[in-house]
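Add 314 to the 1-based position in the sequence shown for this note's numbering, that's all there is to it.
We treat Cβ as the ideally placed atom computed from N, Cα and C, and that holds for glycine.
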Amino acid sequence: MNKNPNIKCTVEQCKYNNANERYCTLSMIEVGTHEKNPTEPKCTDCNSFELK
315 MNKNPNIKCT VEQCKYNNAN ERYCTLSMIE VGTHEKNPTE PKCTDCNSFE LK
């Protein structure tokens, strides 16, 4: 599976994750939030996530 060396990913449940090297295989991702006023990294989400 190819990897994008610019996007690290540790979410093994995502179908775009290259689990062998812990990188995303997409050429770009969309980052979003589930908070009104995000103030910490944990407030953000990868909106490109798709379950394997």
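For Lys-322, list the residues DSSP reports as bridge partners.
Tyr-337
For a quick check, are the C-beta atoms of Tyr-330 and Ser-362 less than 8 angstroms apart?
For Tyr-330 and Ser-362, yes; Cβs fall inside 8 angstroms.
Which residue or residues does DSSP assign as beta-bridge partners of Asn-332?
Tyr-337
Taking Cβ to Cβ, would you say Asn-332 is nearer than 8 angstroms to Thr-339?
yes
For Lys-322, which residues of its own chain have a beta-carbon under 7 angstroms away from its beta-carbon, when the five flanking residues on both sides are left out?
Within the same chain, Lys-322 has close Cβ partners Arg-336 and Tyr-337.
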